[in-house]
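Colleague: The opening position of the sequence shown corresponds to residue 1 in full-length UniProt numbering, with each subsequent residue numbered one higher. Note that CB positions come from ideal geometry on N, CA and C, so glycine has one too. Predicted model, so just to flag it, every value in this text is computed and none were measured. Here's a structure for you.
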Amino acid sequence: MTTLKRAKPWEISDSEGEGDYSENKVAITRTPAPKTDNASYSDSSSRKPEEANGSHTGRCSPVSESSETLREEAEVGLVPPAPPAGRQTPSPWRRRRTREEIEADRMRAEERKAAREKQRQERERAREEKRQEQQRKRETAERLKSFRPENYLKHLTVRVHPVLLQDAGSDVLLGTLAGLEWRSSVEIQDLSHSISWTREQPPTEDDDAIVEEEQVLMVISLTEFMDMMVSAKQTLQGYPEEAGSVSLFQSLCEYLNRSPERVVTVLVTGTEQNSRPSAAGHGDLQDFDIEEVLVYLQLYKSVSVHFLFGWQEVTDHVCAVTKALSKRPFKKLTEQAELGFCVDGSWAGGVRAERDGSGLRQVWTRQIQQLNRVSVAMATAVTTSYPSPQLLLQAYEKVESEGERRGLLADLPVRGGAKERRVGPELSIRIHRLFTTQNPQLVLD
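What follows is the structure in structure tokens.
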């Protein structure tokens, strides 16, 4: 153990400069530590606090020396280098992979990559199919929407032959069409004195395609009708037409021969409502001749004739036909049932039967109502007398003869309407066949 000892003043040489004295005022010497006694203890304890704390510039401690030594060694690069990150020598159990193992790993990686690619393609295909299905649904909805009567009217055009404009009453027809905002046009057509309809295909179908409806109206006056009857009588009797003249009857027959799919209706104006004109005052033409020509037109040419008072009735008839044409595509589209025995209507949506039995009576009623030509009143008459199918089967078992079973429901009264009705034998036989037959392929109706 060593101790620090202060140098005495007389030990410092006088020859040392003033600066050296000021810098080395205290000399530090290392001497063996003497035995501890009271004098040395008092001497060391009598030091000034500032000297004991080492505040003098010339004093240093072993800790500071070691710190400076470490700092100097670090500056000159004596600190050992850090160990490497990885192992310098491989593990004894780690070996190099063979070519077969590398190839197998590569194949497995390719298989995983191919599987991921296949899954991605399947997801893409599923998304594409879903998108196409949604597109088809939207197109179907748009097509169904375009077929609604209020929208289909926008695609119809009423075509009027220019000859009809010579009659002053035709202004009623044109004014009504303009007031309803229906499209109309004045065009020369194959059949004179005619009114026909054309429709444009909806956007989902062929674009810019115009289709002619088969309904055609031929509007003539009473005088023209009588001339037409005379010409028809001569044609039916085998008399030739006058040279250079073409009657309305002849032009009508030629038009029907060119277009057999057309349905022509002749409207005769200037007569009593729904009353046939008299042949009096028209030469050799008689009422019997008019009847004969009308029957010929109806049976052989499928041409019906209506007698109207004036152009207001003609306008009403044109509006009725136009509305009927606008409703026909939507009805045709909605009435295409996949299963013939599935009935249409709001009541055919089904009834919920609860656990407490409520709703079963209504289900039983609708089961009977699914038969053809069975109204709600008739089905209710059956289910009122026999509240469940089991009760009806028990009633069939109690009857001995087959004929009585078939007519069991025939005399049931049907409530509703002005007069009393019965279920009838026809429906009674069908219901009996429904509940007793063993043939699943049997047609009930």
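1. What is the rounded straight-line gap between the Cα of residue 431 and the Cα of residue 372?
2. My assumption, with CB atoms under 8 angstroms, is that residue 231 sits in contact with residue 250. Please give the rounded CB distance.
3. Measure the C-alpha to C-alpha separation of residue 465 and residue 167 and round it to an integer number of angstroms.
4. Anyone know if the C-beta pair for residue 364 and residue 385 falls short of 8 angstroms?
5. Have a look at the DSSP bridge pairing and note the partners of residue 308.
6. Work out the CA separation of residue 438 and residue 412 for me, nearest whole Å.
7. Can you look up residue 303 in the DSSP assignment and give me helix, strand or coil?
8. In or out: residue 401 buried (at least 16 other Cβ within 10 Å) or exposed?
9. Look up residue 212 in the DSSP assignment and give the residues it is bridged to.
10. Assuming residue 214 and residue 268 form a contact by the criterion Cβ under 8 angstroms, report the distance between their Cβ atoms to the nearest whole angstrom.
11. Using the Cα positions of residue 226 and residue 327, report the straight-line distance between them to the nearest angstrom.
12. Starting from residue 271 and walking both ways along the beta strand (DSSP E), at which residues does that stretch end?
13. Could you check which residue in 265, 377, 306, 187 has the C-alpha nearest to that of residue 419?
14. Distance, Cα to Cα, residue 147 vs residue 355?
15. From the DSSP output, in three-state form, read off residue 156 for me.
16. What does the Cβ neighbour count give for residue 435, buried or exposed, with the cut at 16 atoms within 10 Å?
17. Does the distance from the C-beta atom of residue 428 to that of residue 407 stay below 8 angstroms?
18. Whole alpha helix (DSSP H) runs in the stretch 222-265 with 4 or more residues, listed along the chain?
19. The beta strand (DSSP E) that contains residue 185, what's its start and end?
20. If contact is defined by three or more beta carbon pairs under 8 angstroms, each pair taking one atom from either stretch, is the stretch 147-161 in contact with the stretch 173-182?
21. Need the endpoints of the alpha helix (DSSP H) that residue 173 sits in, please.
22. Using only the alpha-carbon positions, how far apart do residue 260 and residue 164 sit?
23. Exposed or buried, which one is residue 302 when buried takes at least 16 other CB atoms within 10 Å?
24. What does the Cβ neighbour count give for residue 233, buried or exposed, with the cut at 16 atoms within 10 Å?
25. Out of 308, 360, 141, 191, state which residue places its alpha-carbon closest to the alpha-carbon of residue 254.
26. Less than 8 angstroms separating the beta-carbons of residue 414 and residue 381?
27. Mind checking who residue 422 pairs with in its DSSP beta bridge?
28. By a C-beta neighbour count over all protein chains shown, 10 Å radius and 16 as the cutoff for buried, is residue 216 buried or exposed?
29. With distances taken from CA atoms, which of 319, 358, 309, 410 is nearest residue 169?
30. Comparing C-alpha positions only, which one of 199, 287, 172 sits nearest to residue 154?
31. Can you tell me where the alpha helix (DSSP H) holding residue 389 begins and where it ends?
32. What number of angstroms, rounded off, separates the C-alpha of residue 383 from the C-alpha of residue 362?
33. Name the residue from 368, 316, 370 whose alpha carbon lies nearest to the alpha carbon of residue 174.
34. Determine the direct distance from the alpha carbon of residue 425 to that of residue 295, and round the result to whole angstroms.
35. I need the DSSP call for residue 408, collapsed to helix, strand or coil.
36. Quick one: what's residue 220 bridged to in DSSP?
Modeller: Short version:
1. For residue 431 and residue 372, the gap between their C-alpha atoms comes out near 11 angstroms.
2. Contact flag correct, Cβ pair sits at about 7 angstroms.
3. The question about residue 465 has no answer, for the chain in this structure spans 1 to 445.
4. The answer is no: Cβ separation not under 8 angstroms.
5. Residue 308 is not bridged to any residue.
6. In this model, residue 412 and residue 438 are separated by some 26 angstroms (Cα to Cα).
7. In the displayed model, residue 303 falls within coil according to three-state DSSP, outside both helix and strand.
8. Result: exposed.
9. In the DSSP assignment, the residues bridged to residue 212 are 198.
10. 21 angstroms between Cβ atoms; not a contact.
11. Inter-residue distance for residue 226 and residue 327 is about 35 angstroms (C-alpha atoms, whole angstroms).
12. Careful: residue 271 lies outside any beta strand (DSSP E) and carries neither H nor E.
13. Of 265, 377, 306, 187, the smallest CA-CA separation from residue 419 is found for 377.
14. One C-alpha to the other measures close to 43 angstroms.
15. In the structure shown, residue 156 sits in a strand (DSSP, three-state: E or B).
16. It counts as exposed.
17. In contact: residue 428 and residue 407 (Cβ atoms closer than 8 angstroms).
18. Counting only runs that start and end inside the stretch 222-265, the alpha helix (DSSP H) elements of at least 4 residues fall at 222-236, 248-258.
19. For residue 185, the enclosing beta strand (DSSP E) starts and ends at 183-186.
20. By the Cβ criterion, the stretch 173-182 is in contact with the stretch 147-161, since at least three pairs of Cβ atoms, one from each stretch, lie closer than 8 angstroms.
21. Here the alpha helix (DSSP H) through residue 173 covers 170-179.
22. Going by C-alpha positions, residue 260 is about 24 angstroms away from residue 164.
23. By the 10 Å Cβ count, residue 302 comes out exposed.
24. So residue 233 counts as buried.
25. Just measuring C-alpha positions, the residue of 308, 360, 141, 191 sitting nearest residue 254 is 191.
26. Yes, these two residues count as a Cβ contact at 8 angstroms.
27. Partner(s): 413.
28. Burial is judged here by how many other beta carbons sit within 10 angstroms of a residue's own beta carbon; residue 216 has at least 16 and is buried.
29. That would be 309, whose Cα lies nearest to the Cα of residue 169.
30. Comparing Cα-Cα distances from residue 154 to each of 199, 287, 172, the minimum goes to 199.
31. Run containing residue 389: 389-398, per the alpha helix (DSSP H) assignment.
32. For residue 383 and residue 362, the gap between their C-alpha atoms comes out near 9 angstroms.
33. The shortest Cα separation from residue 174 among 368, 316, 370 belongs to 316.
34. Taking the straight line joining both Cα atoms gives about 38 angstroms.
35. Coil.
36. 268.
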